[in-house]
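Everything on this sheet refers to the single structure shown next.
Numbering (my numbering), first residue to last: 55 to 139.
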């Protein structure tokens with residue numbers, strides 16, 4: 055299973071994993087507004103991996119199969135608040 059990873063230029067630390075045939079323009083309008091323009095940072099073959107650095111690989115695979123994308127938000131700070139910069 056191949057996917058393309060996009061980085062948000064509006065929300066630092068936010069990434070969207072998209073299945074090969076899914077484009078950021080197909081994301082829900084609210085999500086597009088939150089992320090702004092997204093640029094490709096890498097292509098991954100999830101079939102050749104057992105894990106990802108910050109995401110549960112099975113959750114990513116499930117989201118790609120079910121909705122075509124997976125949203126990775128920046129890590130939470132010590133108070134549990136997501137920092138967007």
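Positions of the beta carbon are idealized from the N, C-alpha and C atoms, including for glycine. If you're wondering where the values come from, they're calculated on a predicted model, not measured in any experiment.
I'd like to confirm the pairing. Which residues does DSSP put opposite residue i in its beta bridges?
i, result
"residue 58", "72 and 97"
"residue 125", "70"
Answer with buried or exposed for residue i, where buried requires no fewer than 16 other C-beta atoms within 10 angstroms of its C-beta.
i, result
"residue 75", "exposed"
"residue 66", "exposed"
"residue 58", "buried"
"residue 133", "With a pLDDT of only 49 at residue 133, under the threshold of 50, the placement of this residue in the model should not be trusted; the figure read from the coordinates follows. The residue is exposed, with fewer than 16 neighbouring Cβ atoms inside 10 Å."
"residue 70", "buried"
"residue 82", "exposed"
For my contact list, residue i and residue j are in at a C-beta cut-off of 8 Å; report their separation, rounded to the angstrom.
i, j, result
"residue 106", "residue 114", "7 Å"
Output the distance between the C-alpha atoms of residue i and residue j, rounded to the nearest integer angstrom.
i, j, result
"residue 124", "residue 62", "13 Å"
"residue 50", "residue 88", "Outside the displayed span of the chain (55 to 139) sits residue 50, for which this structure offers no information."
"residue 72", "residue 130", "23 Å"
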